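Using this note's numbering, read the sequence shown as starting at 55 and increasing by one per residue.
In this text, a Cβ means the ideal position worked out from N, Cα and C, and glycines have one as well.
Keep in mind the model is a prediction, meaning the values are calculated, not measured.
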Amino acid sequence: MVNRWLLTSTVPTLIPRIIVGLVFLSEGIQKFTFADSVGAGRFAKIGFENAEFWAGFTGCFEIVCGLLVLFGLFTRLAALPLLVVMIVAFITTKYPTLVKQGFFPMAHEYRTDFAMTLLLLMLVRYGGGRLSLDHRWFGDKQ
């Protein structure tokens, strides 16, 4: 039983799914609870018009999609909007650093975002895994 569990893709998918889900869930909640530093204030600082709207919109997507990824429900579909969030975050916050300060300062700032992006790409490719609601409800037809 233990060997079969170790040979499946359960663990490699479960742990990243939990990490991604919790990170985006907490980031989404922070957009509302710490609006000045992480939410609308941050969006205004990086140049978004209608910062309150975009912070709320992004926060809602991060909360909902983070929960879906966490529980492994519609994992592939839920990971896609989070990839868009990561792309927009790179363009609006990391690309200016690349242009002004060079590659290594940008790489330093982008390291966790890059890891999250890779985990999201993995979830889009492999889905929620065997220990997910996707697998329980839909079987191997993900």
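Check: Contacts around L67, its chain only, beta-carbon distance under 7 Å, and the 5 residues preceding and following it disregarded; Outcome: One detail in the question is off: residue 67 reads as Thr in this sequence, not Leu. Contacts found: Y180, G182 and G183.
Check: Contact under 9 Å by Cβ, G75 with L124; Outcome: yes
Check: Reduced DSSP secondary structure (H/G/I, E/B, other) of A143; Outcome: helix
Check: Cβ separation of A143 and L177, assumed to be a contact under 8 Å, to the nearest whole Å; Outcome: With 8 Å as the limit, A143 and L177 do not qualify as a contact, their Cβ atoms being about 17 Å apart.
Check: Closest by C-alpha distance to A109, when choosing among F158, T171, D90 and L175; Outcome: D90
Check: Extent of the continuous alpha helix (DSSP H) to which K38 belongs; Outcome: Beyond the ends of the chain as shown, which are 55 and 196, falls residue 38; an answer cannot be given.
Check: Whole alpha helix (DSSP H) elements within the region 66-107, 4-residue minimum; Outcome: 94-99
Check: Nonlocal neighbours in the same chain, by C-beta distance under 6 Å from P135, ignoring five residues either side; Outcome: F115 and C119
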